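Numbering (our numbering), first residue to last: 1250 to 1557.
What follows is one structure encoded as C-alpha cells, with my remarks underneath.
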C-alpha cells in the first residue's frame, strides 16, 4: 500500500471514529443556512426493497426512520394507476404513488414538523395520468416547494422553507411532467431536474467488477457539474446529486461502494474537482451498508465549496 493510500485510510478511519463518538452528542445542524448548503443521504430506487432485484433492503418508512431524506422513484402507469416500479409493475414493491404519499410521506411530515424531504422522479407516465394520481393525495398541494414563489437572492433557508410549509421538493427527469400541476387539492410544483440540479452519470459500471469513478455530468458538456446557477433563478446554484452505485445492485458489494473511504475518495479526487463544491444528495444502494450516513455527516461539517 502506498504512503498516499495509508494517509487516505488514516483520514477516513479518524473521521469515522470522530463521527461515531460525537454525532449523537452534537446539537442539530443550524436551520438558518440556505437549503443548498445541506447534504442528505439519498436512496436509489428507494421503493425496491422487496422485488426480484432490490436496490434497498428497507421500506421507505424504515428508510425515513433511519435518517434518509431523499428518494429516487421510478413512475410507470399500470392497471389504471401511477405506480412505483422498475421494469415490471406487478411485483410487491409496485404500489401506487398516492399510497406512498398518503400512508408514509404524510404521516412522517406530520410527526416530524421540521423535516424536509426530496423526491427525485424518473417519470414514464403521461401528464393526465400523474395529475389523476396526485388527485388522490390532496395534502401534497400545500406542501411542495415552489422556487418561483421566492424572491430571495439564493435558496431560502431551511427554517424559512419549514415556516412557509414548503417541505417537499420534487424534481423530475421528465421535463414534460414539470411545472405546476393543478390537482383537486391545488397546485403541485415539480421542478425539471435538468434545470434545477446537476448530477454525475449514474453508474459506476453494470456489475460490481467495474468501478468507473469518473465524475461527469449525466447531461454531458451542455450541463457540467460546475454549472454556477439556475438560469431562471440567478444566484441560485443547482442542487448537486452525487451518484454512487452500480447498474446491477448487489447487497454484499454495497458495503464496499458505501464505505467512507470509497465515498471520500470519489468525492475528493473526482466529484469535488468537477463540481467545485460538495454534493447536496449522496445517492446509494442499500444505504445502511457501509458508511453513507457517516460520510454525509462529515460533508455537513465541511464548507459549502470545500476542496479536497
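We put the beta carbon where it would ideally sit given N, CA and C, even for glycine.
These numbers come from a predicted model, not from an experiment.
Is it right to say residue 1484 is buried, meaning 16 or more other beta carbons lie within 10 angstroms of its own, or is it exposed? exposed
Just to confirm my understanding: we take residue 1451, look at its own chain, exclude 5 residues before and 5 after, and list those with CB closer than 7 Å. What are they? Excluding positions up to five away in sequence, the list reads 1467, 1492.
At what residues does the alpha helix (DSSP H) containing residue 1499 begin and finish? DSSP places residue 1499 outside any alpha helix (DSSP H), giving it a letter other than H or E.
Are the Cβ atoms of residue 1354 and residue 1366 separated by less than 8 Å? yes
With residue 1444 and residue 1419 assumed to form a contact (beta carbons below 8 Å), what rounded beta-carbon distance in angstroms separates them? About 13 Å separates the two Cβ atoms, so there is no contact after all.
Between the Cα of residue 1530 and those of 1280, 1281, 1282, 1292, spot the shortest distance and give me the residue it belongs to. 1292
So if DSSP puts residue 1449 in a beta bridge, which residue, or which two residues, is it bridged to? 1466
Beta strand (DSSP E) segment containing residue 1369, residue limits: Per DSSP, residue 1369 belongs to the beta strand (DSSP E) from 1366 to 1372.
DSSP three-state assignment for residue 1485, whether helix, strand or coil: coil
Around the C-beta of residue 1460, are 16 or more other C-beta atoms found within 10 angstroms, so that it is buried, or is it exposed? exposed
Same chain, Cβ closer than 7 Å to residue 1390, five either side skipped, listed in chain order: Excluding residues up to 5 positions away in sequence, 1432, 1434, 1435, 1436, 1437 lie with their Cβ nearer than 7 Å to the Cβ of residue 1390 in the same chain.
Residues near residue 1448 by beta carbon distance below 6 Å, same chain, minus five either side: 1467, 1490
Going along the chain, which residues of its own chain have a beta-carbon closer than 6 Å to the beta-carbon of residue 1405, five neighbours each way excluded? 1399
Just curious, the alpha helix (DSSP H) that residue 1409 is in, first and last residue? 1407 to 1413
For residue 1417: DSSP bridge partner residues: 1366, 1393
Go ahead and label residue 1414 buried or exposed: buried means 16 or more other beta carbons lie within 10 angstroms of its beta carbon, across all protein chains shown. exposed
If we count the other Cβ atoms within 10 Å of its Cβ and call it buried at 16 or more, is residue 1362 buried or exposed? exposed
Buried or exposed: residue 1273, going by 16 or more other Cβ atoms within 10 Å of its Cβ? Residue confidence is low: residue 1273 scores 36 on pLDDT, short of 50, so the model does not pin down where it sits. Its coordinate-derived value is still stated next. It is exposed - the Cβ of residue 1273 has fewer than 16 other Cβ atoms within 10 Å.
Quick check: residue 1417 and residue 1392, are their CB atoms within less than 8 Å of each other? Yes; because the gap between Cβ atoms is below 8 Å, this pair is in contact.
Three-state secondary structure assigned by DSSP to residue 1322: strand
Could you check which residue in 1498, 1453, 1513, 1526 has the C-alpha nearest to that of residue 1477? 1526
Mind checking residue 1294: buried by the 16 CB within 10 Å criterion, or exposed? buried
May I ask you to list the residues that DSSP assigns as paired with residue 1493? 1533
Distance, Cα to Cα, residue 1426 vs residue 1332? 15 Å
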